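Have a look at the structure below before the remarks.
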Amino acid sequence: MNLIMKKFSGCGCGLLALLVFAALGAAPVTAQNAILDEVSFCRFCKRGTAREIRKVLDSGASANAICDKYGQTALMMAARGNSNPEVVKVLLEGGADVNASNADIGMTALMWAAMENSNPEVVKVLLENGADANAKTTEGGMTVLMSAARLNSNPEVVKALLANGADVHAQNEEGRTP
Numbered sequence: 066m067n068l069i070m071k072k073f074s075g076c077g078c079g080l081l082a083l084l085v086f087a088a089l090g091a092a093p094v095t096a097q098n099a100i101l102d103e104v105s106f107c108r109f110c111k112r113g114t115a116r117e118i119r120k121v122l123d124s125g126a127s128a129n130a131i132c133d134k135y136g137q138t139a140l141m142m143a144a145r146g147n148s149n150p151e152v153v154k155v156l157l158e159g160g161a162d163v164n165a166s167n168a169d170i171g172m173t174a175l176m177w178a179a180m181e182n183s184n185p186e187v188v189k190v191l192l193e194n195g196a197d198a199n200a201k202t203t204e205g206g207m208t209v210l211m212s213a214a215r216l217n218s219n220p221e222v223v224k225a226l227l228a229n230g231a232d233v234h235a236q237n238e239e240g241r242t243p
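Adding 65 to a residue's 1-based position in the sequence shown gives its number in my numbering.
Okay, here's the thing in structure tokens:
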């Protein structure tokens with residue numbers, strides 16, 4: 066088993082392999098083998114189910130895992146790439162910082178969801194758990210609403226932001242509004 070896990074570790078599929086082996090009864094998910102690496106966990110958050118993510122968190126993985134050199138978190142990865150709001154809920158219940166921003170340009174999970182996730186329920190879960198509807202990037206001063214209005218094709222995402230106090234008059238560094 067350890068040889069198999071070493072083969073998969075770091076490739077972004079190690080966590081998935083572990084869960085498959087665990088589901089087949091080949092290996093229990095434990096703190097020793099569940100945390101293959103933070104990068105694998107982060108990638109898994111983009112496509113895993115809420116049950117799978119909960120199992121890994123219960124085994125000791127950090128809901129605030131850092132995914133890359135830009136400071137993306139597991140919650141950011143789930144918010145931008147997983148359309149299941151239950152996955153986001155599980156990470157938040159596991160202690161994920163809803164307003165953490167990446168080191169690159171200050172993007173938050175809500176910003177990523179507003180830009181790249183077409184399911185407004187993901188945005189709503191983040192907002193219900195304290196995400197700042199008026200957060201701005203550290204570079205350019207782009208707001209969550211600007212991100213959604215420009216880059217998300219689902220108008221329900223914009224509606225969810227407006228219903229939760231997103232400022233339609235907020236300006237970026239160039240003086241532009243959403």
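For every residue, glycine included, the Cβ atom is placed at its ideal position computed from N, Cα and C.
None of these values were measured; they are calculated from a predicted model.
DSSP-derived helix/strand/coil call for residue i
i	result
residue 91	Summary for residue 91: the model assigns pLDDT 44, below 50, so the residue's position carries little reliability; its value from the coordinates is reported in the next sentence. Coil at residue 91, not helix or strand.
residue 86	The pLDDT assigned to residue 86 is 49, lower than 50, so where the model puts this residue is not dependable, and the model offers no usable value.
residue 201	strand
residue 118	helix
residue 212	helix
Span of the alpha helix (DSSP H) around residue i
i	result
residue 110	103-110
residue 146	139-146
residue 176	174-181
residue 150	150-158
residue 224	220-228
Contacting residues, own chain, Cβ-Cβ under 6 Å from residue i (five flanking each side not counted)
i	result
residue 212	176, 179 and 180
Inter-residue spacing [alpha-carbon to alpha-carbon] between residue i and residue j
i	j	result
residue 241	residue 205	10 Å
residue 10	residue 233	Residue 10 lies beyond the range of the chain shown here (66 to 243); nothing can be said about it.
residue 237	residue 129	28 Å
residue 167	residue 209	14 Å
residue 139	residue 117	14 Å
residue 170	residue 202	6 Å
residue 225	residue 106	29 Å
residue 185	residue 223	8 Å
residue 165	residue 124	23 Å
residue 132	residue 142	8 Å
residue 127	residue 199	27 Å
residue 99	residue 235	Here residue 99 scores only 46 on pLDDT, less than 50, and its place in the model is too uncertain to base an answer on.
Neighbourhood of residue i by C-beta distance below 7 Å, restricted to the same chain and skipping five residues each side
i	result
residue 191	144, 153, 163, 174, 175 and 178
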